[in-house]
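These notes are about the structure you will find just below.
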Amino acid sequence: MDVQRFIQERRPGWSRLERLLEQAEASPDWELGKDRLHELLQLYRQASSDLNQARSKTGNPELLGRLNDLVGRGYRFVYRRRHGERMLRALGRFFRYQVPRTFRLESAAILTASGAFLLGTLFGFAAVIVNPVNGERLIPREFYTESPRERVERIEREEERIDTTEKAMHFGVSLYTHNIQVSFLAFSLGATTILGGIWILFLNGVILGAVFATYTLDGVTTFFFAWVGPHGALELPAIVFGGAAGLRAGQALLLPGDRSRASSLRRVFPAVWRMMAAAAAVLVLAGLIEGSFSQFSAKTVPYPLKIGVAVILFGSLLTYLFFRRLPEEGV
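Start counting the sequence shown at 8; every next residue gets the next number (our numbering).
Pasting the structure below:
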């Protein structure tokens with residue numbers, strides 16, 4: 008093999024591949040463009056062929072070292088970038104199609120969990136309306152330190168609690184960590200006892216209904232909806248979703264029917280996993296909203312606007328999960 012002639016003939020392609028790889032490693036694919044990406048792929052294949060040929064014909068360490076480095080860089084870009092793109096496409100397909108389809112197929116569990124939560128909310132609201140003293144009995148002590156009207160007046164009088172991005176992020180992290188714990192508790196109790204999951208959803212509904220009633224009796228209902236609505240529009244459904252996933256898992260574990268428990272759990276695992284993944288994602292978003300937008304008083308964001316945002320968020324979530332058309336090929 009004439010090494011010098013081989014290098015002279017192939018060097019322009021290697022140099023061009025090096026320049027394209029430098030550009031590709033520093034830029035997203037869309038900036039590099041389709042034509043240059045195609046050229047890079049062709050040059051990579053040619054360089055791989057040149058490396059194989061050089062290995063079989065010569066032991067020149069300088070030539071083999073350069074080609075090894077070049078082909079290695081090309082391999083990392085072509086195959087690892089493609090793997091990353093496949094992962095992103097799979098993640099997009101998971102949330103765009105698989106999650107909504109699962110929720111529609113598991114509507115019975117979701118309706119059961121929703122019913123338990125709503126019954127609790129109605130019970131808590133009615134108990135406080137009938138006898139306001141029940142508010143102190145049903146609402147945790149840490150949430151009952153002042154009357155709703157006093158709290159509203161204090162919030163409107165004081166400076167905003169969240170006035171920097173850092174505060175919003177810190178507060179949001181603590182909130183969605185807590186909310187994920189509540190959702191997981193509903194899931195675990197549902198998965199191990201079924202009735203325990205229904206009870207914890209009912210209990211959370213009771214607390215919400217009782218709090219709502221105290222604000223209603225104090226004449227600050229608008230504040231309640233504006234304060235709880237933006238994050239509650241996502242947070243409360245997500246907790247219900249976690250409970251529903253637990254009920255589905257509990258049904259498979261405790262009421263497997265003709266199947267073995269192992270077989271029954273394997274059958275429902277994909278649905279349970281998708282429901283919990285969706286609940287966690289929604290809770291993170293709810294925590295970020297609660298740590299920032301929900302905390303603004305009327306001095307910063309008018310309450311009708313906050314309530315409008317809550318309605319849009321809740322409607323968007325329901326549309327995404329239950330009413331958007333899902334093409335068959337995307338599922």
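Beta carbons: idealized from backbone N, C-alpha and C, even for Gly.
Discussion item. Report the CB separation of A217 from V135 in whole angstroms; it is logged as a contact under 8 Å.
Written reply: 5 Å
Worksheet item: Roughly how far, in whole angstroms, is the beta-carbon of R263 from the beta-carbon of S271, given that I think they are within contact range, below 8 Å?
Response: As written in the sequence, residue 263 is Pro, which differs from the Arg given in the question. Indeed, because the Cβ distance is near 4 Å, the residues count as touching under 8 Å.
Worksheet item: Should N59 be labelled buried (16 or more other beta-carbon atoms within 10 Å of its own) or exposed?
Response: exposed
Discussion item. Could you check whether F248 and A123 sit closer than 8 Å to each other, using their CB atoms as the reference points?
Written reply: no
Worksheet entry | Local Cβ density within 10 Å of E69, reported as buried at 16 or more and exposed below that | exposed
Discussion item. On the criterion of 16 or more Cβ atoms from any shown chain inside 10 Å, does G322 qualify as buried, or is it exposed?
Written reply: exposed
Worksheet entry | Proximal residues to V10 (C-beta, below 6 Å), its chain only, five neighbours per side dropped | T65, N67
Practice prompt. Could you round the C-beta distance between H238 and I296 to whole angstroms and report it? I think they count as a contact, below 8 Å.
Written response: 4 Å
Worksheet item: Which residues in the same chain have their Cβ closer than 6 Å to the Cβ of A233, if we skip the five residues on either side of it in sequence?
Response: Y310, K313, I314
Worksheet item: The alpha helix (DSSP H) with K64 in it runs from where to where?
Response: 41-64
Fill in: For A175, three-class secondary structure by DSSP
Below a pLDDT of 50, predicted positions are generally treated as unreliable, and A175, at 49, falls in that range; no measurement from the model is reported.
Fill in: Helix, strand or coil at G99 according to DSSP, with G and I counted as helix
helix
Worksheet item: How would you write the range of the alpha helix (DSSP H) that F110 sits in, first residue to last?
Response: 106-112
Worksheet item: Looking only at its own chain, which residues have a Cβ that is under 7 Å from the Cβ of I14, when we skip the five neighbours before and after it?
Response: L70
Discussion item. Going by C-alpha to C-alpha distance, which of N75, Q53, L261, L50 sits closest to R346?
Written reply: Here the chain covers residues 8 to 338 and nothing more, so residue 346 does not appear.
Discussion item. Starting from Q302, trace the alpha helix (DSSP H) in both directions and tell me its first and last residue.
Written reply: From DSSP, Q302 is part of no alpha helix (DSSP H); its letter is neither H nor E.
Worksheet entry | Where the alpha helix (DSSP H) through F248 begins and ends | 228-261
Discussion item. Looking at A198: is its Cβ nearer than 8 Å to the Cβ of L260?
Written reply: yes
Worksheet item: Taking the alpha-carbon positions, what's the G142 to D225 distance?
Response: 12 Å
Worksheet item: Exposed or buried, what is G99 when buried is set at 16 or more other beta-carbons lying within 10 Å of its beta-carbon?
Response: exposed
Practice prompt. Pull up the distance between the alpha-carbon of F102 and that of Y327, whole angstroms please.
Written response: 10 Å
Worksheet item: Apart from the five residues just before and just after R17, which ones in its own chain have a Cβ nearer than 7 Å to its Cβ?
Response: D57
Discussion item. Considering just the uninterrupted stretch of the alpha helix (DSSP H) at V421, what are its terminal residues?
Written reply: For residue 421 there is no data in the structure shown, the boundaries of the chain being 8 and 338.
Practice prompt. Write down the C-beta distance between N211 and I246 rounded to the nearest angstrom, noting that I regard them as a contact closer than 8 Å.
Written response: 7 Å
Fill in: Through-space distance from L215 to I205, alpha-carbon basis
16 Å
Worksheet entry | P2 - containing alpha helix (DSSP H), residue span | No information on residue 2 is available, as it lies outside the stretch 8 to 338 that the chain covers here.
Item to complete: Go to E67, then tell me how far its alpha helix (DSSP H) extends in each direction, as first and last residue.
Response: A small correction: the amino acid at residue 67 is Asn; Glu does not occupy that position in the sequence shown. Segment: none, N67 is in no alpha helix (DSSP H) and carries neither H nor E.
Discussion item. Please classify S267 as buried or exposed, where buried requires at least 16 neighbouring CB atoms within 10 angstroms.
Written reply: exposed
Worksheet item: So is P139 buried or exposed if we call it buried at 16+ other beta carbons inside 10 Å?
Response: exposed
Practice prompt. Note down the Cα distance separating E166 from E25, rounded to an integer number of angstroms.
Written response: 57 Å
Fill in: Length at least 4, wholly inside the segment 106-167: the alpha helix (DSSP H) runs in chain order
106-112, 114-137, 141-145, 155-164
Discussion item. Quick check on this structure: which residue in F230, Q105, R148, H45 has the alpha carbon closest to the alpha carbon of Q302?
Written reply: F230
Fill in: For P117, the nearest candidate out of V291, G294, A317, G250 (CA to CA)
The sequence shown places Ile at residue 117, not Pro. I117 has its Cα closest to that of G250, out of V291, G294, A317, G250.
Worksheet item: Beta carbon of L290, beta carbon of S190: below 8 Å?
Response: yes
Worksheet item: DSSP state of R18, grouped into three classes?
Response: helix
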